[in-house]
Structure formats: C-alpha cells, structure tokens
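Enquirer:
2 protein chains.
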Amino acid sequence: MTLTSVRPTPLLNISPLTPLRVALLGCGVVGSEVARLIIEQAEDLRARVGRPLELVGIAVRRYDQRRPGIDPELFTTDAEELVSRDIDLVIEVIGGIEPARSLILAALRHGASVVTANKALLAVDGATLFEAAERAGADLYFEAAVAGAIPIIRPLRESLVGDEITSVIGIVNGTTNYILDRMDTAGIGFAEALAEAQQLGYAEADPTADIEGFDAAAKAAILASLAFHTRVTGADVYREGITGITPADIASARDIGHVIKLLAICQLSPPIAGAADRTVSARVHPAMIPRSHPLAGVGDAYNSVFVESMSAGRLMFYGPGAGGSPTASAVLGDLVTVARNRLRGAVGPGESSYAARPVSEIGSVMTRYHLSLQVADKAGVLETIAHAFAEHGVSIETVRQNGRNANAQLVIVTHHARDAALSATVRALRKLDVVREVTGVMRVEGD
Amino acid sequence: MTLTSVRPTPLLNISPLTPLRVALLGCGVVGSEVARLIIEQAEDLRARVGRPLELVGIAVRRYDQRRPGIDPELFTTDAEELVSRDIDLVIEVIGGIEPARSLILAALRHGASVVTANKALLAVDGATLFEAAERAGADLYFEAAVAGAIPIIRPLRESLVGDEITSVIGIVNGTTNYILDRMDTAGIGFAEALAEAQQLGYAEADPTADIEGFDAAAKAAILASLAFHTRVTGADVYREGITGITPADIASARDIGHVIKLLAICQLSPPIAGAADRTVSARVHPAMIPRSHPLAGVGDAYNSVFVESMSAGRLMFYGPGAGGSPTASAVLGDLVTVARNRLRGAVGPGESSYAARPVSEIGSVMTRYHLSLQVADKAGVLETIAHAFAEHGVSIETVRQNGRNANAQLVIVTHHARDAALSATVRALRKLDVVREVTGVMRVEGD
C-alpha cells in the first residue's frame, strides 16, 4: 500500500502517526452521521489524509443527544471548552447564528481550521468569519452549506475561478421543491403538500425558514458572493416564499407548458460601454419555467444548480440537497481537504471579494410576468388593459382569453422589462374598472 | 478594492508585483483560447491569484500557428528550451503521448507546476507523471482532461474524498453523443451522422479515437482511478466503439423505451463478507438506457457524468464536453488554483492510489443484454432458445415476437448476468439451427 497522496512539508516535524484532532459541534441529523463516518471510515480517511483523524469531542446541548455507537465519553455540553482545547479541525453543524458564530471565531482564534454547514451564519456575517480565518491563517470550508452533497462551492471557488460566471440559477431548497412538485404532480394544495413534507421529515415543525424562502435566500447570498467575487449578504437578496401558490397558479403554468419552481437567481449585469460598475442581483421567488428547461425535471426534494459562464457555457449540477448522509458527505470531503492542507502547512482559497460589485434592487432587474385577470367581458377591455401596459413601457408577448361573460379571464405573458415597471403595471391594472380581479401574478424565467 | 484572497506565506519574500511566469505548450483550438484569456483577463486573473500571470512563451510546432492578438515574439518552436527557462506554471495542450510526456516531465524536473488537458497521456502513463510531480513537490492538475468544462476531477478528488463512490457512469465523448443523438432524432445512419459531425467540427478528419471509444476509454481510466483511489490505465478499460450501430439498433432501443448512448462505466464491486479485495471495473461501450434516465436527455455534443456514492447518493454533472472555450475554462480554473498553491508554497492533492484494487475483466462484470434474433417460425423454437439461455445460467426478463414466417423475429432482454455468460449464450445461439441470424446484440444499462 503506497500513500502517494501524503507529502508532509518540511514545516511539520511531527510523527506520521500523530493524529489530527477533530472536534464536532452539534450531533443532530448531520452531526451524528458525520461522527459515525469519522469512526467507521477511519482507515480510509487516514489513507486519504495521510494521518489519522481523531474525534476528541462532540459538543451537544443536552446529554440526551448522545448516540449509540459513539463513545459516551466524547460528549460534552461545554462547547466553548471543547474548541479551546488543542484542536486541529472543528466541524460546526449546530446551525443558526449564535452560539455557532462565537464558537467558530473561538476555534479560528485557537488556530483550528473550520468546516461548517451553516448557510444562515455565512449569509448574515460571512465577512467576519472569512476575515477571522484569514487572520488565523486557517481554513474555512463550507461545501455543505449550499445544496447538500452537490459539489457547487468548490466548482465556483476553484474550477470556474478562471472564467467569468454570468448567472447562477438554482433549486436550492428541497422542502419547497418537494411541495411544489407534489402540487404539480398530485394536484394537491399547498397545505396538504406541506403536511406531507412534514410527515416525511422533509419539512420541520416550524417550516418558516423553508417556505418563506429564507433558507434559499441565504444560499443565494453565498452563491452570488462566490460566483461574482463580491460580498452579498442575505439582506441583499430579494425574497418571496411559496405560501401563496395556489392550484390555480400551478394550472396556469401548466397551460403555457411551464412548471413552478422556487428559484434562487444570481446574475451579473452585462458590461455596458461607458457605464459604471457592473452590478449583481440575487433574488429568491417562485417562477414559471418551461418544462423543457433542465431545472424543470428536478423533482422530489432534489436540488440542482445551473451555472452560465463566458467560456464554459452552461453547466448543471444535480443531487440530493439535504438529509443527514448527503450533508455529511460534503462535510467529510471538506474535512479531508482541510486536513490535507493542514499537513502541508497550507490553506485553501479564502474569500475573493475583490470585485466589490454594487447589488441591484429587485426593481431594476429585468424579469417577465405571467398575469391572470378576471375582466369585464365587453368591447374595449383589451384596449384599456393594453394601454396600461404601454404606459409603463411594458411589452406584451401573448394574451389569451378564457371563458366569457362574468367568467372572462385574460392570461397575459409579458416580454422582459424592469421589475419595477412590471409591478407598477400590476398596481395600475388593479385600479382599472374593467379588471374585476388580478388573480395571479408570477415571474417567468428560463427562456 | 481589497484582495482578501491573497495570503502570501512567510516563505515568499518576493514582491507582490513579481509575476508568476507561465509557459504554454500548444496553440491549437484550446491553446489559442487559453492564450487569449490569459492576455485579455489579466486584471481579473491577477486579482484572483494575488499576483500577475505573465505569459512568457508559447511553443508551437510551426510558426504559422501564430495567432493575431498575441505578441509574435512569444512564439517558439523549441518547447524543450521553453520549459527549461525559469517558469512557474506550464500549460500542456499539445495532446498525445510524445513529446507531451517528455515536456511535462522536464517542466516538473525544473520545478514548474503543470496544468494539462491530456487524457491520452494520463490514461497511458499517469503514474509516471504523478510520481514526478510528487518528487518535484509541484502540482499536476488536469480538470480539462475529462468532460471539458464540467467540473468533475475536482469533485471526485476533493468534494467526494470523504465518501465512498460506488459508480461513475458518463457520457464523456461529445462526438459520439452527437452522432448517436442525430441517429436517434433525425433517423439518419451512422455514416451520414459522422459526416455531419465532421462538417460541424465535432469530429476530426480521422475520427478513430472518438468513434472507436479510445478517447472515452482514456477518460474512464482517469475517472476510475480517482473515484476508487487506485490505478486504472487505458489498457485496463474494456472498449467497444459505435461504428457498428445501425438504424435497426436505434429502433430496437426505441421499441423498449430506451435510447443508445456510448457510456463510460466505472464500478466498485460490492463488499462481500469473507471475500478477497473489492475489485473495480471500467468499460466503454454503447448501451441502451431508459429514456427516463438522467443521461438519456443529454443531447448534441454535451457531456454528463453520473456519480453514485454511499453518503451523497446520486449526483449528476452536465455541460459542454469539448471545444476551445469550455476546455480553456477548465484549464484557467486549474491555472488559478495552481498559481495560488504556488504563492503559498503548497501543493494540492496528489495521486491517491492507496486502495490498489484489482481490475476485473469484462467477462466477470454483471451486465444485461438486449438481443434481436431472426428465427425459424415453427413450434419449439422458443423452447430451444430458452434452453440455450438456461444452460448458461442466464435468466430472461422479456421475450417478444415480431413478424411471422420467414420474418419471425425474437427480441429478448435478459436479467443481469456475468458478461462472459451472456456472450457465451450469444455464441451458442448463433450455432442453433432455429436461429437464422443474431441481428442485434447490445448491453442494457441504467435500470
């Protein structure tokens, strides 16, 4: 057996048998799977890292989080004490802002490298973490923070770092994708689909973070920051959830050969000669996409990320976006990489935010709308409505009338326009006498 | 503008303005695009690396390979002299075994890190290159060698390094995918589809390497080596091309809801209690896959790689598999990574072949066959044929009879069996009196 991946640098005069010491913060669904793999796959991990990995402690909130198969002596409720020990690698899978942030910062201060799955924290305060890692000369890796097991962070940070990425569009929340997929394929309503998702463990008892798009917005902030070499926080991301999606919306999408997905959309504005800096935008909202679009076929609780760049063209990444095992796979991949770096006295890529691009408001982003209107069925209605669009500089791609008399309905799909002009048009339509009700408003993407 | 990605180590006392010196070997479709990007994107590359990249020379076979927009002084026909200069990073995009191998080895001996797109060389003699890089303490990166712009090497080498990959199935040759896609969608024959591919620049004047599966076999060797932490060479890969595929085969696949793709299939045998080492297999051949399989929808000259692992589950990567720009994107990503490593006095992951797994012959791999037979239309035919299958321990999943009398045809799909048993069954069928002709034999995958 040859260990050709092991190249200890002259900096390290420790024995090849001295293990790297690993602390695990959190032992829930992901943490317990990470612990299991570190213990059960010890032999392979040792061969791949070139040094054994020793799990020296697991911080839990309460002792009843201890797991069978894991030495009970490893558990501690004192996470602060754990990260202050002589630790090489800290894995943070607690989630949330505090105490995760303080613990990660303490770990970095003590010289440990950190692997985290914490998208919420990275989206709120990534800059503080990256700067702390930088100061400490330690690694901060977070492949598990976006799209679970799908390798997307490393491709953006490294594989595509010589290219110019122009857009990243992803289905990055499995819970909402499951709900929308069920509404589409089983014809059930939002509440019923949510209840199903909760029963299957795809949605939490309090599903707010998923269904209101907060989780996807955090991931969009991380993706936009990496793709465009700038800083985008969760607060910069325009956000709409899926709680308002009705079976009528699903049917409207179907009528035009589309399907509704909750998308995270990150875009770099095109270069305009003589204009100021190129801007970035990041938004999360439900949108109708053509059933022929590669993201349309992403069913169940799967995730997928679609990347466009100047040289590489169109790339897609697909896989399970959540769950203990897939997330643990991403954590372990980072753990091995960070451990290898440490043995060589090196660090991987840090934050790259040199481009420092302004973030556009949703109003100035170019989008398309699909509108359903209940209208009075009389002569001149279409003219009045068309006038409202024209006044806002919005061009209509298609209009279709369904039903007659009291049930007359207009379905309108616009061309691209500034989102502010489109939403102003909707406000104007709502005030028209001939419009009984605007029954559906949704963005259309992916054409 | 802050350059937070720059973390010069104390090892390097050179000025932050001293450029890293880059030599480019080869200036064909890929090389000229790489040169263009290094020159035109210099500002972004400097920011991302933390140091300017200076293109100091381009080795070409003949001076008429010089390109507009590139300083003619950079060109040289003396590649050996170029790599012996004081170079930090060498990009090899000549392709083929020699002189590429000697030049890469010389570059490593001189202390340069190497980025290469050379799948043929890696598949034939990767071990020599990896060992030379190891000895030199330099990097050898090769994301562009498999599936063009699709990040697949880095995910296998790093993202999934904490997981156990059990299979990698890919469409890794764009030329053959284009040909098969056209045969399927346009109903044309192999020769016509090949001529089209040549006209579009998807196939070379001598298309042997593509259509006979040599190119895909080289990529399969690289993928299997990385996925299973072992050494697999091109010679270890079972290989069949697509020159024998007929419109009748395409129609047969369609009849059972399948489509024919040229697949590169790398598998790790399941663990068997008490058995010897787990083995790996790598093979390239056309196969029928269900139209519902994610790889079935990969059209045109696109590539896609499907990975299954114990923890991550099923992942898919999709994108353009060839062409100057996409391949250049992969080369530039490696260039930035290798340059960053160099500035930190570090190297990335080397070869990981510790598992040293035996490679299985095709005969012992479990596969399924689809067979079309012209048979005598008389009583007892099916019994005689079923007996031939049973004698070889091969179980039949479905039999269908098409036509009558002189045109009686049997279409048989088997269950999984050892490939040797399946091919022995075909040989036995050919000798039966009741079998007029075996008109089609193809493996079935992806169920």
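Here the protein sequences line up with chains A and B, keeping their order.
Take -3 as the starting number for the first sequence in the numbering used here and just add one per residue.
Take -3 as the starting number for the second sequence in the numbering used here and just add one per residue.
Each residue gets a CB set at the ideal place from its N, CA and C atoms; glycine is no exception.
Can A/V157 and B/R44 be called in contact, C-beta distance under 8 Å?
Expert: yes
Enquirer: Ordered along the chain, which non-local residues of its own chain (more than five positions away) have a Cβ less than 7 Å from that of B/T229?
Expert: Cβ neighbours of B/T229 beyond the five flanking positions: A119, V120 and A217.
Enquirer: Return the residue from the list B/N398, B/S98, B/L406 and B/T73 that minimises the CA-CA distance to B/E379.
Expert: The candidate whose alpha carbon is nearest that of B/E379 is B/L406.
Enquirer: Go ahead and label B/I93 buried or exposed: buried means 16 or more other beta carbons lie within 10 angstroms of its beta carbon, across all protein chains shown.
Expert: exposed
Enquirer: Shorter than 8 Å from the beta carbon of A/V25 to some beta carbon of chain B?
Expert: no
Enquirer: Per DSSP, B/F138 is paired with what?
Expert: None; B/F138 has no bridge partner.
Enquirer: When the Cα atoms are used, what is the spatial distance from A/Y365 to A/G359?
Expert: Rounded to whole angstroms, the gap between the alpha carbons of A/Y365 and A/G359 is 13 Å.
Enquirer: Against chain A, with Cβ distances strictly below 8 Å, would B/L328 count as a contact?
Expert: yes
Enquirer: Could you check which residue in A/I87, A/V30 and A/E39 has the C-alpha nearest to that of A/G65?
Expert: A/V30
Enquirer: Could you list which residues in chain A have their beta carbon closer than 7 Å to that of B/A324, in chain order?
Expert: S307
Enquirer: Take the Cβ of B/K374 as the centre, count every other Cβ of all protein chains shown within 10 Å, and call the residue buried at 16 or more, exposed below.
Expert: exposed
Enquirer: Are the beta-carbon atoms belonging to B/V280 and B/R235 less than 8 Å from one another?
Expert: yes
Enquirer: Select from the segment 169 to 195 of chain B all residues with a C-beta closer than 9 Å to any C-beta belonging to chain A, and list them in chain order.
Expert: none
Enquirer: Are A/L264 and A/F302 touching if we call contact CB-CB under 8 Å?
Expert: no
Enquirer: If contact is defined by three or more beta carbon pairs under 8 Å, each pair taking one atom from either stretch, is the segment 318 to 336 of chain B in contact with the segment 47 to 54 of chain A?
Expert: no
Enquirer: Since I believe B/V371 is in contact with B/A404 (beta carbons under 8 Å), could you give me their beta-carbon distance rounded to a whole number of angstroms?
Expert: 5 Å
Enquirer: Give me the subset of the segment 225 to 253 of chain B whose CB atoms are less than 9 Å from a CB atom of chain A, sorted by chain position.
Expert: H225
Enquirer: Is it the case that the segment 254 to 269 of chain A contacts the segment 433 to 443 of chain A, given that we only count it when at least three CB pairs across the two stretches are under 8 Å?
Expert: The segment 433 to 443 of chain A, when compared against the segment 254 to 269 of chain A, does touch it at the 8 Å Cβ threshold.
Enquirer: Please classify B/N299: does DSSP put it in a helix, a strand, or coil?
Expert: strand
Enquirer: Measuring from the CB of A/A223, is there a heavy atom of the ligand FMN at a distance below 7 Å?
Expert: With respect to small molecules bound, the structure shown includes none, and the ligand FMN cannot be examined in it.
Enquirer: Using a C-beta to C-beta distance shorter than 7 Å, which residues of chain B count as neighbours of A/R340?
Expert: A342 and V343
Enquirer: Please state whether DSSP places B/P282 in a helix, a strand or coil.
Expert: strand
Enquirer: Mind checking the segment 36 to 69 of chain A against chain B and listing, in chain order, the residues whose C-beta falls within less than 8 Å of any C-beta there?
Expert: Q37, D40, L41, A43 and R44
Enquirer: Relative to the alpha-carbon of A/T239, which residue among A/G209, A/A247 and A/I268 has its alpha-carbon at the smallest distance?
Expert: A/G209
Enquirer: Do the segment 165 to 181 of chain A and the segment 284 to 302 of chain A touch if we need at least three Cβ pairs shorter than 8 Å?
Expert: yes
Enquirer: Could you tell me which residues DSSP puts in a beta bridge with A/V276?
Expert: Within the DSSP bridge table, the entry for A/V276 names A/L264 and A/V355 as partners.
Enquirer: Got a sec? Which residues, its chain only, sit under 7 Å from B/M306 by beta carbon, not counting five neighbours each side?
Expert: Listed in chain order, the non-local C-beta contacts of B/M306 below 7 Å within the same chain comprise D159, E160 and T162, local neighbours out to five positions each way being set aside.
Enquirer: Please list the segments of the alpha helix (DSSP H) lying wholly inside the segment 23 to 52 of chain A, counting only runs of 4 or more residues, in order along the chain.
Expert: Fully enclosed alpha helix (DSSP H) runs of 4 or longer: 25 to 36 and 38 to 45.
Enquirer: Roughly how far, in whole angstroms, is the beta-carbon of A/S325 from the beta-carbon of A/A145, given that I think they are within contact range, below 8 Å?
Expert: 5 Å
Enquirer: Using 8 Å as the threshold, is the C-beta distance between B/V79 and B/G27 below it?
Expert: Their beta carbons are not under 8 Å apart, which means B/V79 does not touch B/G27 by this criterion.
Enquirer: Using DSSP with H/G/I as helix, E/B as strand and the rest coil, what is B/M312?
Expert: In the displayed model, B/M312 falls within a strand according to three-state DSSP.
Enquirer: Got a sec? Which residues, its chain only, sit under 7 Å from A/E139 by beta carbon, not counting five neighbours each side?
Expert: P147, I149, R150, A326, G329 and D330
Enquirer: Opposite B/Q370 in the DSSP bridges: which residues?
Expert: B/Q405 and B/E433
Enquirer: Any C-beta of chain A sitting closer than 8 Å to the C-beta of B/Q397?
Expert: no
Enquirer: Using the C-alpha atoms, what's the distance from B/A193 back to B/A201?
Expert: 10 Å
Enquirer: Here's a check: name, in chain order, each residue in its chain whose Cβ is nearer than 8 Å to the Cβ of A/K215, leaving out the five neighbours to either side.
Expert: Around A/K215: K115, A119, A141, V142, A143, G166, V168, N169 and A260.
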